[in-house]
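S.K.: Below are the structure tokens for one structure; questions will follow.
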Amino acid sequence: MTHTPRGGPGPDERAVLLAAGLADLVVSAAGSVAGTVQQLLRRSDGPELARDAQQDLIARGRITVDRLAAPPAHLEVLARHAAARRAASGGDA
């Protein structure tokens, strides 16, 4: 998977990253989920905790997808760089 622009992932990529992060979390923490859920339900900072959990899942998803995805072909990377240079120079090169 390619890296996203600095603006952040788009809605489709965000959904994929959330799903991949959630799947990775479930697999890695299957034994302690029940105890963790009980502790989380007792907390009073639910919205902040949910936001932090979402960011953590997105990060886990990005790591999982990057780990499982094949890197782009070398010639494809070179072609993209050449196209970007051509576009930046106004098509003169």
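Just so we're aligned: 26 in full-length UniProt numbering is position 26 of the sequence shown, and the numbers increase by one with no gaps anywhere. Heads up, the beta-carbon is just placed ideally off N, CA and C, and yes, glycines get one too.
(1) In whole angstroms, what separates the C-alpha of Arg-43 from that of Leu-25?
(2) What residue does the alpha helix (DSSP H) around Met-28 start on, and which one ends it?
(3) Measuring CB atoms only, is the segment 49-61 touching the segment 12-32, in the sense that at least three cross pairs come out at less than 8 Å?
(4) Using C-beta distances below 7 Å, list every residue in its chain close to Pro-9, excluding the 5 sequence neighbours before and after it, in chain order.
(5) Alpha carbon to alpha carbon, how far is His-81 from Thr-36?
(6) Output needed for Thr-4: all residues of its chain with C-beta closer than 6 Å, excluding positions within five of it in sequence on either side, in chain order.
(7) Compare the beta carbon distance of Leu-40 and Leu-49 with 8 Å and say whether it is the shorter of the two.
(8) Using the Cα positions of Leu-68 and Arg-51, report the straight-line distance between them to the nearest angstrom.
(9) Alpha carbon to alpha carbon, how far is Glu-76 from Val-27?
M.R.: Result, derived from the coordinates:
(1) Taking the sequence shown and counting its residues from 1, one reaches residue 43 at position 43. Taking the sequence shown and counting its residues from 1, one reaches residue 25 at position 25. Their backbone Cα atoms lie some 20 Å apart in a straight line.
(2) Position 28 of the sequence shown, counting from 1, holds the residue named residue 28. The residue you asked about is not Met; residue 28 is Ser in the sequence shown. Here the alpha helix (DSSP H) through Ser-28 covers 11-28.
(3) yes
(4) As a first step, residue 9 is located in the sequence shown; it is residue number 9 there, counting from the start. Here the set comprises Leu-17.
(5) Within the sequence shown, numbered from 1, the residue matching residue 81 stands at position 81. Within the sequence shown, numbered from 1, the residue matching residue 36 stands at position 36. Going by the C-alpha atoms only, they are around 46 Å apart.
(6) Taking the sequence shown and counting its residues from 1, the one referred to as residue 4 is at position 4. Annotation note: pLDDT 49 at Thr-4 (below 50); position unreliable, coordinate value reported separately. So no residue of the chain qualifies.
(7) Walking along the sequence shown from the start, residue 40 turns up at place 40. Walking along the sequence shown from the start, residue 49 turns up at place 49. In contact: Leu-40 and Leu-49 (Cβ atoms closer than 8 Å).
(8) Residue mapping note: residue 68 aligns to position 68 of the sequence shown, counting from 1. Residue mapping note: residue 51 aligns to position 51 of the sequence shown, counting from 1. Cα to Cα, the separation comes out at about 26 Å.
(9) The residue labelled residue 76 in the question sits at position 76 within the sequence shown. The residue labelled residue 27 in the question sits at position 27 within the sequence shown. When rounded, the distance between both Cα atoms is 34 Å.
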